[in-house]
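Notes follow the structure.
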Amino acid sequence: MKIFLVGANGQLGREIKRQFQNKYELFLHGTDTLNITDFDAVDTAIAIVKPDVVINAAAYTNVEKAEEDCDNAFKVNAIGAENLAISCKKHNSKLVHISTDYVFDGTKDRPYEEFDQHNPLSVYGRSKSFGEKLIEQVGGKYFILRTSWLYGDGNNFVRTMLRLSKEKSEISVVGDQYGTPTYTKDLCWAIEKVMCTTFYGVYHASNEGSCSWYEFAKEIMTGAKRKTIMKSLTTAEYPVKAKRPMNSVMENRMLKLRGLNTMRPWQEALKDYLEHECQQL
């Protein structure tokens, strides 16, 4: 199977390379080799390879910066996604597109399901939401996988907390925003499960369970055996440009209905990550 990976240098892209390199024929592209906002470049690259599956792990993910860089966020997260969808449909390739919990506004008192309406609060969320809609309008053989609070081989919340724990005796973290931390390893399992099917559509793919950022940080400190004091802040006490959903917990409903759910409890996945990837931190 030929897999065309976009966003190969990000933390998800690196995990996909690690897990898929001995199973599939990989064609890797980062921002230095493919500009997904350029349709001609995208279509030429895909036409040459004629891949079975295109995985779009590329995204503009700086939530704060996007508030002042709206055009570039939409070019990458919406137009780039549409370009890939059009070319995949033209060349009969499957498309796996990674999206986000930030397409929701966080006002529900239950986990969000795939069928719930979008109402993003930030430029980043709006750009990802629009990207999903453009893919759906193009049609073809696509899978949209929404995930949340991703961490893996790269800069992420876990590594930031571990670094700060060496620099400070006390760390303050927001305690009233809830979601689900997700390990890139587990997301890769979900990607592989769905891409080998013809069950096209939208899926939620986060680790199981939920927590606040504060609870996540405390679990990181416990797992890493750090003694740093953790302090819980409210969202109001931590002003930022981009609004975040207060509850972005997602239910992996479609993975479960299709018998494809392999997502572990978030605590178990975090323990695995700390044991195998964060020893040097």
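So that you can map any letter, position 196 of the sequence shown is 196 in the UniProt record's numbering, and since no number is skipped, the others follow by simple counting. Cβ coordinates follow ideal geometry from the N, Cα and C atoms, glycine included. Note that this is a predicted model, so its numbers are computed, not measured.
Taking C-beta atoms under 8 angstroms as the contact rule, L255 and N261 qualify, at a distance of about 4 angstroms. Counting every other CB atom within 10 Å of its CB across the protein chains shown gives K185 a total of 16 or more, marking it as buried.
Residue environment for N56: buried (at least 16 other C-beta atoms within 10 angstroms of its C-beta). Here DSSP, grouped into helix, strand and coil, assigns N247 to strand. Within the DSSP secondary-structure output, C211 pairs in a beta bridge with G179. Excluding five sequence positions before and after W266, the CB atoms of its chain that fall closer than 6 angstroms to its own CB belong to T180, P181, N207 and G209, given in chain order. In this structure, DSSP gives M221 a helical state, which the three-state scheme calls helix. Under the three-state reduction of DSSP output, Y102 falls in the helix class.
Listed as beta-bridge partners of G201 by DSSP are F143. Shortest Cα-Cα distance from A236 to any of L274, V173, E136 and G125 involves V173.
V240 and V63 have their C-alpha atoms spaced approximately 10 angstroms apart.
Looking at the backbone, the Cα of T198 and that of S87 are separated by about 18 angstroms. Counting only residues of its own chain and dropping the five nearest sequence neighbours on each side, P51 has a CB closer than 7 angstroms to the CB of K2, I3, F4, F27 and S93.
In the DSSP annotation of this structure, the continuous segment of the alpha helix (DSSP H) that includes H276 starts and ends at W266 to E277. Between A85 and G140, the beta carbon gap of about 6 angstroms places them in contact (Cβ cut-off 8 angstroms).
One alpha carbon belongs to R146, the other to A41, and they sit about 26 angstroms apart. Proximity to V54 across R159, E25, D69 and E268 peaks at E25, based on C-alpha coordinates.
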